[in-house]
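Sequential numbering from 415 applies to the sequence shown in this note's numbering. Note that the Cβ used here is the ideal one computed from N, Cα and C, for glycine as well. Please read all numbers here as calculations on a predicted model, not as lab measurements.
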Amino acid sequence: STSLASLKKKGLVDEDDNHFLRLPPKGHTIALQIRKNHMILETFFKDVLGVEEEQALIDACKMEHLLSPETGIRLLALVKTILTNEDLKKQAIEGIPCDLCKSPVNCPVCSEEDPCPLHLTEEDLKLRPI
């Protein structure tokens, strides 16, 4: 297939004379990083954000190839920090109540330039496309 040819060309997959495939060291390293990313993302979605397991798996599969090793390490540190602090874990799952958002100055998420994403309307998005 085209995808397999691309992986071979990049040195990520080797094919022997009997058409058996194997991962050379470079391919193995990347595959391991993708697996780590998947585990970190799945844990983040399920245990920090409270996403249902099936959806967490789907989302982790979509994002596992896009996460850099540096971002993965930092996300893992965040996950560990949140999961070892019950108050942070509860806030992460339940969200920060909007009554904390009395003004953009006091809000931990919003600013005057960037309004609260929870309160954006379709009209706001037309005026300020992402």
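Here DSSP, grouped into helix, strand and coil, assigns L435 to strand. Distance check between I507 and each of V465, D538 and I487 places V465 closest, using alpha-carbon atoms only. Setting aside the 5 residues that flank it on each side, N451 is surrounded in the same chain by E478, L481 and G486, each with a C-beta closer than 6 angstroms to its C-beta; the list follows chain order. Shown here, E468 sits in a helix according to DSSP, grouped into three states. One Cα belongs to L435, the other to L446, and the distance between them is close to 17 angstroms. DSSP, read as helix, strand or coil, puts D501 in helix. Only exposed fits E468, as fewer than 16 other CB atoms lie within 10 angstroms of its CB. Assignment of E537 by DSSP, reduced to helix, strand and coil, places it in the helix class. Beyond the five residues adjoining it in sequence on each side, L421 comes within less than 8 angstroms, by CB distance, of V427 and G441 in the same chain, given in chain order.
Ranking L437, P438, K423 and T498 by CA distance to the CA of F458 puts T498 first. The three-state reading of DSSP puts E456 in helix, counting H, G and I together.
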